[in-house]
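Protein chains in written order, with my numbering: chain A, 276 to 526; chain B, 276 to 526. A virtual CB, placed ideally from N, CA and C, is assigned to each residue, including glycine. Quick caveat: nothing in here was measured; it's all calculated off a predicted structure. Here the structure comes first, spelled out in structure tokens, and everything after it is commentary.
Number of protein chains: 2
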Amino acid sequence: MSRGELARQQSTHLVLAELKAACANCNLRELCLPAGLSNAELDQLDNLVNVRRKIKRGDALYRAGEIFDAIYAVRSGFFKSRVTYEDGRDQVTGFSMGGEILGMDGIGQGTHNCDAIALEDSDVCTIPYTRLEELSREVSGLQRHFHKMMSREIVRESGVMMLLGVMRAEERIAAFLLNLSQRLNARGYSPLEFHLRMTREEMGSYLGLKLETVSRAFSKFHNDGLIEVEQKFVRIIDIEGLKQVYAHHVN
Amino acid sequence: MSRGELARQQSTHLVLAELKAACANCNLRELCLPAGLSNAELDQLDNLVNVRRKIKRGDALYRAGEIFDAIYAVRSGFFKSRVTYEDGRDQVTGFSMGGEILGMDGIGQGTHNCDAIALEDSDVCTIPYTRLEELSREVSGLQRHFHKMMSREIVRESGVMMLLGVMRAEERIAAFLLNLSQRLNARGYSPLEFHLRMTREEMGSYLGLKLETVSRAFSKFHNDGLIEVEQKFVRIIDIEGLKQVYAHHVN
DNA sequence: TATGTGTTTTGATGTGGATCAAAGGCAATC
DNA sequence: GATTGCCTTTGATCCACATCAAAACACATA
Chain A
276 MSRGELARQQ STHLVLAELK AACANCNLRE LCLPAGLSNA ELDQLDNLVN VRRKIKRGDA
336 LYRAGEIFDA IYAVRSGFFK SRVTYEDGRD QVTGFSMGGE ILGMDGIGQG THNCDAIALE
396 DSDVCTIPYT RLEELSREVS GLQRHFHKMM SREIVRESGV MMLLGVMRAE ERIAAFLLNL
456 SQRLNARGYS PLEFHLRMTR EEMGSYLGLK LETVSRAFSK FHNDGLIEVE QKFVRIIDIE
516 GLKQVYAHHV N
Chain B
276 MSRGELARQQ STHLVLAELK AACANCNLRE LCLPAGLSNA ELDQLDNLVN VRRKIKRGDA
336 LYRAGEIFDA IYAVRSGFFK SRVTYEDGRD QVTGFSMGGE ILGMDGIGQG THNCDAIALE
396 DSDVCTIPYT RLEELSREVS GLQRHFHKMM SREIVRESGV MMLLGVMRAE ERIAAFLLNL
456 SQRLNARGYS PLEFHLRMTR EEMGSYLGLK LETVSRAFSK FHNDGLIEVE QKFVRIIDIE
516 GLKQVYAHHV N
């Protein structure tokens with residue numbers, strides 16, 4: 276597959292699916308909120324998830340401080356989440372792709388804690404929170420799965436803490452590429468070649484590194500025969516080698 | 276108050292409260308899972324939270340990999356949560372004190388993701404998860420508050436990511452002390468003098484720093500007249516000065 | 001009181017990644 | 001196809017924190 280086709284495949288909205296409103300016919304249902312629900316339960320969820328929203332590249336799905344009233348399921352596209360600190364410093368705290376849930380940070384305090392910015396034209400399902408609460412009192416499978424998604428977000432973040440707290444630069448970047456690869460794979464895309472949706476700077480912000488360091492690591496991986504990189508296009512040549520980058524550290 | 280008394284006050288179990296089983300009479304109820312529930316609702320919760328467990332200093336409340344079947348509310352004492360990576364490297368991902376909930380990381384995959392280790396003799400309430408699910412289908416206040424606690428854990432962790440990703444050593448340590456201070460204050464303890472329950476190394480692990488760096492920062496803060504430190508005892512002398520440590524960074 | 005063990009402090013030195021700087025590449029718009 | 005505005009790469013230098021080392025200290029147990 277050429278790079279151009281790959282880019283198109285990953286960002287094309289699924290026009291057919293847009294004709295049907297919601298989860299029952301969504302090809303992401305096994306990854307998303309409805310995972311594990313019965314058909315009858317799915318129908319109930321469909322009544323809840325009826326508002327779709329398109330977000331243009333660069334625009335915010337929500338911003339820190341805004342009133343929280345819904346969570347969002349990414350239907351297509353790609354987002355970054357970004358926390359801005361009082362003094363203006365900010366950090367990217369995550370990247371989200373199809374089937375992943377955004378906005379759960381807002382439940383605790385009633386306002387969003389971060390900005391969710393689309394890194395490409397994107398499409399989300401809006402899930403009003405109070406109605407989700409109501410429905411998950413009736414549909415225990417939904418309740419359980421929603422809890423799981425929140426819990427997994429907690430676990431994901433402690434993984435990032437590990438990354439930031441104990442790994443060195445190249446390990447972080449290898450781990451990041453492998454994580455992306457695995458998530459793309461779960462969505463039916465090639466795990467070995469893909470387009471990065473974020474800049475080196477955004478990647479660095481997420482990983483606690485400067486963009487120059489990210490760039491140098493990419494060059495090093497390329498020289499070591501682990502990957503091919505051309506701007507935002509990445510091809511993983513030696514996935515085992517990439518895994519060894521952080522398996523074989525010196526303690 | 277002398278340092279000895281302070282230490283005793285913070286670690287003494289509340290013998291009287293132990294006679295009553297659960298939440299309705301717990302002095303932590305405003306901070307803990309039952310926050311905001313009506314008296315009737317509290318009574319229902321009392322039926323759920325009936326297993327108490329004592330954990331000795333150094334022992335684990337649970338360990339990574341164990342089957343998850345309950346979350347825990349810290350009643351007295353102090354815990355660290357620790358994630359161990361495949362290759363043996365580990366990181367402290369949090370510290371928990373009275374009224375805080377432990378174990379929510381296990382919901383997603385059905386097994387615990389980290390070890391929870393008592394840093395002093397501690398006392399927890401066991402909350403069986405399936406019963407919590409059932410009850411929160413009936414008691415919407417409980418459902419909502421449980422969601423809030425999970426969400427706050429997500430927000431807390433993104434705060435730590437910020438700390439690890441963008442702050443420098445002294446900022447991290449100042450932020451850490453102020454966070455401890457604020458949490459102790461919310462529990463009725465002095466926000467200005469307290470005993471650290473963790474070693475310099477555990478603090479460093481949490482903050483992504485080496486123990487020597489933590490020690491040096493403490494010495495520096497002492498020389499700058501911000502705090503007094505004597506081993507595990509800390510007195511904050513100039514809380515505003517401490518806040519300025521990370522407010523006045525150079526960008 | 002002596003002894004061992006783990007914790008903390010402090011100093012000297014090393015280094016990974018930040019910072020500074022400059023050049024080159026890509027894509028959109030005119 | 002020239003201009004403009006990012007984004008990326010690469011090199012040179014710097015510095016914050018790690019690492020290495022040693023001594024002091026705290027606390028438990030014999």
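Item	Value
Listed by chain order, chain A residues near Lys423(B) by CB distance under 7 Å	Ile382, Gly383
Contacting positions in the segment 388-400 of chain B - beta carbon closer than 9 Å to chain A	Asn388, Cys389
Any 3 or more C-beta pairs closer than 8 Å across the segment 414-425 of chain A and the segment 308-325 of chain A	yes
Classification of Ala522(B) by the beta-carbon crowding that lies within 10 angstroms, buried from 16 upward	exposed
Beta-bridge pairing of Glu400(A) - partner residues as DSSP gives them	Reading off the sequence, residue 400(A) comes out as Cys, not Glu. Arg327(A), Ala348(A).
Anticipated Cβ contact below 8 Å, Phe370(B) with Lys355(B), distance rounded	5 Å
C-beta contact flag for Val324(B) and Thr401(B) at 9 Å	yes
4 or more residues per run - each alpha helix (DSSP H) lying fully within the segment 358-433 of chain B	404-413
Cross-chain neighbours of Glu432(A) in chain B, by beta carbon under 7 Å	Ile429, Glu432, Ser433, Met436
Other residues of its chain near Arg427(B): CB distance less than 7 Å, five sequence neighbours each side excluded	none
Cβ shell of Asp398(B) (< 7 Å), same chain only, five flanking positions each side left out	His288, Arg327, Lys329, Arg350, Ser351, Gly352
Closer than 8 Å at the beta carbon, the chain B residues around Arg419(A)	Glu408
Contact with chain A by Val520(B), beta-carbon distance below 9 Å	no
is_contact[Arg510(A), chain B] using C-beta, thresh 9 Å	no
C-beta contact flag for Gln482(B) and Phe451(B) at 9 Å	According to the sequence provided, residue 482(B) is Leu. The question's Gln does not apply to it. Yes; because the gap between Cβ atoms is below 9 Å, this pair is in contact.
Min CB distance Glu515(B) to chain A below 9 Å	no
Chain A contacts from the segment 442-460 of chain B (Cβ-Cβ distance under 7 Å)	none
Neighbourhood of Met473(B) by C-beta, 7 Å cutoff - its chain only, sequence neighbours within 5 removed	Lys355, Phe370, Leu394
Alpha carbon of Glu341(B) to alpha carbon of Arg332(A), nearest angstrom	43 Å
Sheet register partners of Val509(A) (DSSP bridge)	Phe469(A), Val504(A)
Residue environment, Asn388(A), which counts as buried when at least 16 other CB atoms sit within 10 Å	buried
Members of the segment 344-361 of chain B that neighbour chain A once the beta carbon cut-off is set at 9 Å	Ser356, Val358, Tyr360, Glu361
Span of the alpha helix (DSSP H) around Tyr464(A)	No alpha helix (DSSP H) holds Tyr464(A); DSSP gives it neither H nor E.
Same chain only: Cβ atoms within 7 Å of Glu316(A), ignoring 5 sequence neighbours per side	Val414, Gly416, Leu417
Contacts of Gly416(B) in chain A (Cβ-Cβ under 8 Å)	Correct list: empty, because the minimum Cβ distance to chain A is about 11 Å.
Through-space distance from Pro466(B) to Leu306(A), alpha-carbon basis	45 Å
Proximal residues of chain A, C-beta to C-beta of Leu439(B) below 8 Å	Met436, Leu439, Gly440, Gly483
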